[in-house]
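Chains as they are written, first to last, in this note's numbering: chain A, 12 to 255; chain B, 12 to 255. Glycine included, each C-beta is placed from N, C-alpha and C at the ideal position. Taking it in order: structure first as structure tokens, then the write-up.
There are 2 protein chains.
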Amino acid sequence: MSSIWQEEIAAETRAVGRISDRFIVDKVRTAVLTQRLPPGTRLPEVVLGDIFGVSRSVVRKALTRLAADYVVTQQPNQVARVRAPSVEETRETFAARRLVEGEVVALLAGRLDDAQLVTIASLVEREAEAHASGDEPSRIEHSLAIHHLLAERSPNRVLGAMLTDLILRTSIVIALYKRAGLASCYLAEDHPALLTHLRSGKSEAVRCCIHDHLQALENLLDLSTRETRIDLMAILGQREGVAE
Amino acid sequence: MSSIWQEEIAAETRAVGRISDRFIVDKVRTAVLTQRLPPGTRLPEVVLGDIFGVSRSVVRKALTRLAADYVVTQQPNQVARVRAPSVEETRETFAARRLVEGEVVALLAGRLDDAQLVTIASLVEREAEAHASGDEPSRIEHSLAIHHLLAERSPNRVLGAMLTDLILRTSIVIALYKRAGLASCYLAEDHPALLTHLRSGKSEAVRCCIHDHLQALENLLDLSTRETRIDLMAILGQREGVAE
DNA sequence: AACAGGGTTTCTGTATACAAAAGCTCCAAC
DNA sequence: GTTGGAGCTTTTGTATACAGAAACCCTGTT
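Written as structure tokens, this is what we have:
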């Protein structure tokens, strides 16, 4: 039973002794994020159970959580599948994130202490380095870390949790709808500018900054009206399962 | 095994033949909303299973969903309990809802068709009547229906879903923190004014209107710093289970 | 060649059994 | 009076068995 998670499962088993549903959620989530599990992929409970070496009970719990996170779809009596957000939903997710992240950074403006600002600055720097050296996965990781840090430090934790969700969802659709020719969705100026404005403490400036950043990101996507094609793929597409 | 849901379970069994996890989620949720299940109440899986006549599998699924909806808390190897949001979380939930619902109604302003406006008008009227006749449960039902309708009709469905969640969460904390002396959290002018502004089509006016409405609602709550007492009650309070 | 239909296979829904963890009770010791 | 701990009870975690639904495949017919 070979799978894309072979080594990680072995490592986890060695370290913790047992695979938890959280572990499965995490692995499936990142696989979707990195498009190793394309939209429409069937995720039968027994197959996942075999791969991770657990019974269906654990897999079911993981799938329920993934469904709550909008990563997979679960319909009664049908196999869970990797979700394929439509173009429309993509636009709406970005709009929602602009609203929520805008408010979060507005609340955060001028309220971050030096240590946190330094952390962000270092992440911005490392993102730029990763991009310069062509290491796109590492670049994405650092970029996500910046936004996750903002969500985590949100003075309003309810909004923070909502933002965490939205960051995941936008990441998935970015992976899905990235223009074919584009190597990276990197906007060199944006994160440094964000940092500057966060330091300045002007709420409305930061809100605007993040707003423009997210709008620019959305504009980098290919959201032309291929939606019908994508939808059909999601509904009819028969792809092989997760096992290789 | 007598319970607060006896008749509804009998009815559902007669109608559908089997109790689904959705049914359990719904019943627990409304019981929390109406404070028949106060915060901290233990919800052991077997007890719920006995009450609803299903096995633990179904109950577990229901509890997982309720946890995702922030209605109950689930910690490893511990009984699920009805959640007791803190004063701080209450304030944050209201702030989040002001942001999201404000945006939703701003998007909605002037875009509702006549039929929908008539529906809202009728709900506003019926809420007023229920309040006049002292029927508070019915008043709450109509009030919730108005806001749920707005969430459902949101042009941005992602924001709409988020609003649905926030309406539920604010309802729970309203029930929790309502001033002891207050019979009802009814603001006679607010919903009619909202309707007028929705008709007018002025986005910013509607946003302001809903913002003020939600702020007024929050101000009706007793959020004085008894939080420690509430928190202790939630953590240490041993109440009897759901069975009577 | 396209299509309908029946049987088989696959997969999910639910119940249940057993193991392990947490909580409780009661008693003894300080 | 309070603390500590052993043993019991309660409750969850996980695996598994079986039933039923959906999907698939293969055949026979038009």
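Taking Cβ positions only, does Arg150 (chain B) come closer than 9 angstroms to chain A? No, because no Cβ of chain A sits closer than 9 angstroms to the Cβ of Arg150 (chain B).
Practice prompt. Have a look at Val169 (chain A) and Leu174 (chain B) and give me their C-alpha separation to the nearest angstrom.
Written response: Computed Cα separation, rounded: 12 angstroms.
For this session: Flag this pair as yes or no: are the beta carbons of Leu187 (chain B) and Gln46 (chain B) separated by less than 9 angstroms?
Result: yes
Check your understanding: Nearest chain A C-beta to Thr104 (chain B) closer than 9 angstroms, yes or no?
Key -> yes
- Per DSSP, what kind of secondary structure is Ala129 (chain B) in: helix, strand or coil? For clarity, residue 129 (chain B) is Val in the given sequence; the question names Ala instead. Helix, per DSSP.
*Along chain A, which residues have their Cβ under 9 angstroms away from the Cβ of Thr75 (chain B)?*
Lys72, Thr75, Arg76 and Ala79
Subject >> Through-space distance from Ala120 (chain A) to Ile183 (chain B), alpha-carbon basis >> reply: 31 angstroms
From what residue to what residue does the beta strand (DSSP E) around Ala199 (chain B) run?
-> Segment: none, Ala199 (chain B) is in no beta strand (DSSP E) and carries neither H nor E.
key: Any C-beta of chain A under 9 angstroms from that of Asn230 (chain B)   = no
| query | Between which two residues does the alpha helix (DSSP H) containing Arg67 (chain A) stretch? | reply | Arg67 to Ala79
| message | Would Asn167 (chain A) pass as an interface residue toward chain B - the criterion being a Cβ-Cβ separation below 9 angstroms? | response | Yes - at least one Cβ of chain B is within 9 angstroms of the one on Asn167 (chain A).
- request: Please determine if the region 97-115 of chain A and the region 212-227 of chain A are in contact, where contact requires at least 3 C-beta pairs separated by less than 8 angstroms.
  value: A contact between stretches requires three or more CB pairs, one per stretch, nearer than 8 angstroms, and the region 97-115 of chain A meets this requirement with the region 212-227 of chain A.
Going by alpha carbons, who is nearest to Glu136 (chain A) out of A:Ala156, A:Asp80, A:Arg122 and A:Arg180? A:Ala156
Original post:
Who are the near neighbours of Glu229 (chain A) in its chain, counting only those whose CB is closer than 6 angstroms to its CB and skipping five residues on each side?
Top reply: Phe105
Nearest candidate by alpha-carbon position, reference Asp32 (chain B), set B:Ile20, B:Arg25 and B:Val129
B:Ile20
Q) So, is Gly192 (chain A) buried or exposed, given that buried needs 16 or more other C-beta atoms within 10 angstroms? A) exposed
Below 8 angstroms between beta carbons is the criterion; list the residues of the region 103-132 of chain A that meet it against any residue of chain B, in chain order. Listed by position, the residues of the region 103-132 of chain A near chain B (Cβ gap below 8 angstroms) are Glu103, Thr104, Ala106, Ala107, Leu110, Val111 and Glu114.
- Assuming Leu209 (chain B) and Val116 (chain B) form a contact by the criterion Cβ under 8 angstroms, report the distance between their Cβ atoms to the nearest whole angstrom. 7 angstroms
Among B:Gly28, B:Gly64, B:Gln85 and B:Ala26, whose alpha-carbon lies nearest the alpha-carbon of Thr52 (chain B)?
B:Gln85
Please identify the residue among A:Gln17, A:Val57 and A:Val39 whose C-alpha is closest to the C-alpha of Pro50 (chain A). A:Val39
Classify Lys189 (chain B) as helix, strand or coil using the three-state DSSP reduction. strand
Tell me whether Ser66 (chain B) is buried or exposed, calling it buried when 16 or more other Cβ atoms sit within 10 Å of its Cβ.
exposed
Checklist entry - Which residues of chain A have a Cβ atom closer than 9 angstroms to the Cβ of Leu161 (chain B), listed in chain order? => result What Leu161 (chain B) touches in chain A: nothing, since even the nearest Cβ is about 16 angstroms away.
Q) Should Arg180 (chain A) be flagged as near chain B, meaning a C-beta pair shorter than 9 angstroms? A) By this cut-off, Arg180 (chain A) is an interface position.
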